[in-house]
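Peer 1: Counting along the sequence shown from 1, when you hit position 204 you're at 217 in the working numbering, and nothing is skipped either side.
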Amino acid sequence: MRKTLIFSDLDGTLLDAVRYSFNDALPALSLIQAHGVPLVLCSSKTRAEIEACRQRMHNFHPFITENGGGIFIPQGYFSALVDSVAGYQRITLGTPYAEIRRHFVALRERLGASVRGFADMTVEEVAELTGLSCDDAILSKQRDFDEPFVFDGVPDARFLQAIEDAGLHWTQGRVFHIMGKHDKGLAVKTLKTLYEREYGEIYSIGLGDSLNDLPLLQAVDRPVLIRHEDGSFDSRIAIAGLMKTQSPGPQGWNEAVLKLLSAGDAGEETPASILTHIFSAALAAVDPYQAVLNAAKLENDCLTVAGAAYPLEDFSRIVVVGAGKATARMALAIEALLGERISAGLIIVKEGHAASLDRVGQIAASHPVPNEAGVEGAQRILEMARAADERTLVICLLSGGASALLVAPAAGVTLQDKQEVTTLLLKAGATIGELNAVRKHLSAVKGGRLAQAAYPAQMLTMILSDVIGDRLDVIASGPTAPDESSFDYAWSMIEKYGLTEKTPLRVMNYLQRGIAALAPETVKDGDPCLHGTRNVIIAGVGRALAAAQEKARQLGFAAEIVTAELQGEARNAARFLALTARMTQAGLKAGERRCLLFGGETTVTVRGSGKGGRNQELALAFALEIAGQSGVTLLSAGTDGGDGPTDAAGALVDGNTAGRAHRFGMGPAAYLDDNNSYGFFQQLDNLSGEHSHFMTGPTGTNVMDIQI
């Protein structure tokens with residue numbers, strides 16, 4: 014199947030013309046990320062500006078700067094090598110800025126033209142002209158290949174013609190640009206060639222709104238012209254096959270991309286593409302950024318969340334803390350909402366899941382087994398909490414993975430102790446609730462202790478749930494919620510899984526001290542520290558499944574949410590899914606298509622020495638259960654884009670998967686027995702040239718797993 018690429022302008026296209034925000038395009042951005050479609054940003058902006066934008070979007074693909082002057086490719090992205098600079102492989106198409114600037118000044122002096130370039134302006138003047146913040150205006154002045162300029166009055170046709178006569182080129186977006194004989198189209202064609210060498214046949218979509226985007230639109234297979242904010246289009250752009258959007262800016266961008274990809278415009282409809290579209294719709298519904306903005310409103314200097322009002326005049330400080338795999342995008346939304354009102358902040362994110370934040374600091378730590386970075390971050394968060402008083406509003410942002418990321422071992426327990434007991438329980442197949450009960454009783458921050466540290470401050474906790482039943486005491490091990498478990502229960506988990514002889518001695522001793530009331534219990538319901546604490550769940554797997562169901566119906570399926578609480582051993586869950594599929598298929602009417610949806614989180618009892626994750630293990634077990642059965646395809650994937658200690662989110666299988674593996678001399682059952690599901694799908698894809706492995710990269714969200 015051909016590979017789809019998207020090339021997109023930024024200002025006025027993917028970013029709105031006023032706030033430079035891409036919020037309205039989040040559903041489509043989530044779709045292309047989940048679908049593995051490269052989004053190449055192609056703008057008049059500088060490298061520094063686009064790097065900041067890529068961070069906010071979680072975009073790690075190549076990008077094109079200054080109207081095609083430079084192509085920057087992350088190291089190792091393509092197998093073919095080009096010149097390396099500042100962590101990128103670079104292709105230079107433009108004339109160096111110093112030469113461009115020299116020509117600009119010479120032409121201005123010769124013609125007496127009333128024209129100013131960015132180099133002639135202060136940062137404040139650039140900010141006023143463009144609507145950028147001063148920080149962003151600084152980045153926009155760091156030119157490599159072109160000089161943006163404006164006329165003082167009516168554009169001077171003599172000056173524009175003199176640029177062309179000098180062997181240079183000009184174009185126009187929001188402002189004019191002088192540059193060498195390059196344009197966005199040449200850069201797009203150059204980059205397309207590299208993709209073709211790497212992947213074979215390419216299908217390209219391009220989106221833009223202004224004259225400087227015309228070469229880009231001419232170079233792609235499917236050009237899309239974005240409507241301006243005033244409802245008009247750039248009348249100078251008229252090419253064959255041009256699609257025009259109904260809405261302006263990022264809203265139009267979102268509509269166009271969703272329409273093109275969902276309509277199969279990017280390639281032939283297959284079970285895999287259908288499943289990917291449905292999964293992408295689920296992700297879009299639980300985007301952390303949008304979930305925060307949907308839940309929290311700021312009007313008349315009053316923050317309102319789930320009916321609770323927080324007049325900001327009541328607080329002298331606002332502190333933002335939190336942890337989790339999706340928390341960076343939650344913090345990004347809080348920054349967009351509160352801006353400079355935020356006094357301080359720190360969040361702990363999984364390695365590779367950071368975002369570009371201005372007011373809230375970040376520490377990247379290990380998951381699922383904690384490391385020292387998580388300990389350092391937790392100690393700093395506890396210090397911030399203890400410094401809060403009754404005039405402080407502490408906003409806590411929690412999402413999946415926080416239990417492993419927010420780590421503060423109890424007195425007498427070491428990080429290594431917690432690492433060992435976490436690994437033992439994971440390999441034994443403990444559920445997330447059982448694991449978290451032990452974690453809470455070995456922690457100085459979990460089980461309500463963060464709320465205890467912040468007392469008497471007001472505490473508002475916004476939660477993206479990653480646990481079955483949305484239990485507040487289980488999500489992130491409940492750092493701001495009352496805990497129902499006890500030291501007795503935590504100890505019983507060690508006994509249940511036969512770990513009394515393997516558990517570190519310091520852990521055993523601490524749990525026994527707790528049972529004897531010699532160590533402090535977790536915070537219980539009714540504790541005074543919880544009176545000013547509010548916990549609000551802003552999204553969870555139920556919302557994701559509802560969106561998946563709606564998408565499946567749009568694609569012509571009778572769709573049913575079977576359960577949002579799938580749990581237990583992954584192999585047993587696979588048997589349940591296979592049985593459900595067989596029973597459903599047996600009752601189908603002629604021509605009927607059905608989509609069954611499951612959500613939850615299974616476990617894997619590790620007995621082999623292979624590599625994998627619960628979704629890949631479930632998918633492999635399902636493939637064996639339905640071997641030889643036609644008409645059934647399954648996608649099992651983690652909504653965070655990860656599955657165990659692998660780079661896969663999950664896997665796609667059907668009734669032919671096991672047979673196909675046998676034809677290549679592989680034994681699926683042996684791989685399953687060795688808990689080597691990752692190795693199975695990796696080898697099968699290498700031999701067959703297909704894509705059973707489901708790769709999304711970090712999605713920025715986390716609401717457990719989904720099976721479709």
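Idealized CB from N, CA, C, for every residue including glycine. If you're wondering where the values come from, they're calculated on a predicted model, not measured in any experiment.
Note the first and the last residue of the continuous alpha helix (DSSP H) segment covering Gly387.
Peer 2: Here the question's residue 387 lines up with position 374 in the sequence shown. That run of the alpha helix (DSSP H) goes 385-399.
Peer 1: Closer than 7 angstroms to a non-hydrogen atom of the ligand MG - does that hold for the CB of Lys197?
Peer 2: The ligand MG is absent from the structure shown, which contains no ligand whatsoever.
Peer 1: Assign Ser490 to one of two classes, buried (16 or more other C-beta atoms within 10 Å of its C-beta) or exposed (fewer than that).
Peer 2: On the sequence shown, residue 490 is found 477 positions in, with the first residue counted as 1. Label assigned to Ser490: buried.
Peer 1: Kindly indicate the opening and closing residues of the beta strand (DSSP E) around Met475.
Peer 2: Position 462 of the sequence shown holds residue 475. Looking at the DSSP string, the run of the beta strand (DSSP E) that includes Met475 is 471-477.
Peer 1: Can you have a look at Cys147 and say buried or exposed, based on whether 16 or more other CB atoms are within 10 angstroms of its CB?
Peer 2: As a first step, residue 147 must be located in the sequence shown, where it is residue number 134. So Cys147 counts as exposed.
Peer 1: Going by Cα to Cα distance, which pick from Phe500, Asp37, Ala401 is closest to Arg330?
Peer 2: Counted from its first residue, the sequence shown places residue 330 at position 317. Cα-wise, what sits closest to Arg330 is Ala401.
Peer 1: Could you tell me whether the Cβ atoms of Asp165 and Thr184 are closer together than 8 angstroms?
Peer 2: The residue you call residue 165 lines up with position 152 of the sequence shown. The residue you call residue 184 lines up with position 171 of the sequence shown. Their beta carbons are not under 8 angstroms apart, which means Asp165 does not touch Thr184 by this criterion.
Peer 1: Quick one: grab the DSSP three-state call for Phe85.
Peer 2: For the purposes of this step, residue 85 is identified with residue 72 of the sequence shown, where counting begins at 1. Here Phe85 sits in strand by DSSP.
Peer 1: Which first and last residues belong to the beta strand (DSSP E) in which Pro324 is found?
Peer 2: Position 311 of the sequence shown, counted from the first residue, corresponds to residue 324. Start and end: 321-324.
Peer 1: Which same chain residues, not among the five before or five after Phe677, have their C-beta less than 6 angstroms away from its C-beta?
Peer 2: Taking the sequence shown and counting its residues from 1, the one referred to as residue 677 is at position 664. These residues qualify, in order along the chain: Leu700.
Peer 1: What's the call for Ser248, buried or exposed, on a 16-neighbour Cβ count within 10 Å?
Peer 2: Here residue 248 refers to the residue found at position 235 of the sequence shown. Exposed is the call here.
Peer 1: Am I right that Leu316 and Leu306 are in contact with their C-beta atoms under 8 angstroms? What's the rounded C-beta distance?
Peer 2: Locating residue 316 in the sequence shown gives position 303, counting from the first residue. Locating residue 306 in the sequence shown gives position 293, counting from the first residue. Wrong, their Cβ atoms sit about 12 angstroms apart, outside the cutoff.
Peer 1: Alpha carbon to alpha carbon, what distance is there between Ser21 and Gly219?
Peer 2: Within the sequence shown, the letter at position 206 stands for residue 219. Within the sequence shown, the letter at position 8 stands for residue 21. About 6 angstroms.
Peer 1: Cβ of Leu410 within 8 angstroms of Cβ of Val333?
Peer 2: Translated into the one-based positions of the sequence shown, residue 410 becomes position 397. Translated into the one-based positions of the sequence shown, residue 333 becomes position 320. In contact: Leu410 and Val333 (Cβ atoms closer than 8 angstroms).
Peer 1: Between Asp486, Gly244, Cys542, Asn715, which has its C-alpha nearest Gln259's C-alpha?
Peer 2: On the sequence shown, position 246 is the one that residue 259 refers to. If we check each option's Cα against that of Gln259, Gly244 comes out closest.
Peer 1: Could you pull the DSSP bridge partners for Gly706 from this structure?
Peer 2: For the purposes of this step, residue 706 is identified with residue 693 of the sequence shown, where counting begins at 1. In the sequence under discussion, the amino acid at residue 706 is His, which differs from the Gly named in the question. Note: His706 sits in a beta bridge opposite Ala664.
Peer 1: Considering only their Cβ atoms, is the gap separating Gly613 from Leu579 smaller than 8 angstroms?
Peer 2: Here residue 579 refers to the residue found at position 566 when the sequence shown is read from its first residue. Here residue 613 refers to the residue found at position 600 when the sequence shown is read from its first residue. Cβ distance < 8 angstroms, so Leu579 and Gly613 count as in contact.
Peer 1: Compute the Euclidean distance between the alpha carbons of Leu437 and Gly527, then round it to the nearest angstrom.
Peer 2: As a first step, residue 437 is located in the sequence shown; it is residue number 424 there, counting from the start. As a first step, residue 527 is located in the sequence shown; it is residue number 514 there, counting from the start. If you take the alpha carbons of Leu437 and Gly527, they lie about 21 angstroms apart.
Peer 1: Count the CB pairs spanning the segment 569-577 and the segment 594-609 that are closer than 8 angstroms, and state whether there are at least three.
Peer 2: Yes: at least three Cβ pairs fall under 8 angstroms.
Peer 1: With a 10 Å radius around its C-beta and 16 neighbouring C-beta atoms as the bar for buried, classify Pro658 as buried or exposed.
Peer 2: Counting from one through the sequence shown, the residue named residue 658 turns up at place 645. Under this definition Pro658 is an exposed residue.
Peer 1: Would you mind listing the alpha helix (DSSP H) stretches within the segment 239-314 that are 4+ residues and don't spill past its ends, in chain order?
Peer 2: Correct list: 262-275, 284-298, 301-308.
Peer 1: Do three or more CB pairs link the segment 531-544 to the segment 487-507 at distances below 8 angstroms?
Peer 2: Touching, yes.
Peer 1: Does the segment 101-109 come within contact of the segment 131-141, defined as at least 3 CB pairs closer than 8 angstroms?
Peer 2: Cβ pair count under 8 angstroms is below three, so no.
Peer 1: According to the neighbour-count rule (16 or more other Cβ atoms, all chains shown, within 10 Å of its Cβ), is Gly511 buried or exposed?
Peer 2: As a working mapping, residue 511 is identified with position 498 in the sequence shown. Gly511 is exposed by the Cβ-count criterion.
Peer 1: With DSSP run on the structure shown, which of helix, strand or coil describes Val118?
Peer 2: In the sequence shown, the residue the question calls residue 118 occupies position 105. DSSP places Val118 in helix when its eight states are reduced to three.
Peer 1: Taking only the alpha-carbon atoms, compute the straight-line gap between Ala415 and Pro422 and give it to the nearest angstrom.
Peer 2: As a position in the sequence shown, residue 415 is number 402, starting the count at 1. As a position in the sequence shown, residue 422 is number 409, starting the count at 1. If I take the Cα positions, the gap works out to 14 angstroms.
Peer 1: Please classify Asp222 as buried or exposed, where buried requires at least 16 other C-beta atoms within 10 Å of its C-beta.
Peer 2: Within the sequence shown, numbered from 1, the residue matching residue 222 stands at position 209. Buried.
Peer 1: Please classify Thr723 as buried or exposed, where buried requires at least 16 other C-beta atoms within 10 Å of its C-beta.
Peer 2: A question about residue 723 goes unanswered here, because the residues of the chain that appear run from 14 up to 721.
Peer 1: Since Val575 is in the beta strand (DSSP E), which residue starts that stretch and which ends it?
Peer 2: Here residue 575 refers to the residue found at position 562 of the sequence shown. Residues 571-579.
Peer 1: Out of curiosity, what's the CA-to-CA distance linking Asn688 and Val619?
Peer 2: In the sequence shown, residue 688 corresponds to position 675, counting from 1. In the sequence shown, residue 619 corresponds to position 606, counting from 1. If you take the alpha carbons of Asn688 and Val619, they lie about 6 angstroms apart.
Peer 1: Please report the residue range of the beta strand (DSSP E) in which Glu752 lies.
Peer 2: Since the displayed the chain opens at 14 and closes at 721, residue 752 lies outside it and no answer follows.
Peer 1: Can you list, in chain order, the residues of its chain whose CB lies under 6 angstroms from that of Ala140, leaving out five sequence neighbours each side?
Peer 2: As a first step, residue 140 must be located in the sequence shown, where it is residue number 127. Here the set comprises Cys147, Ala150.
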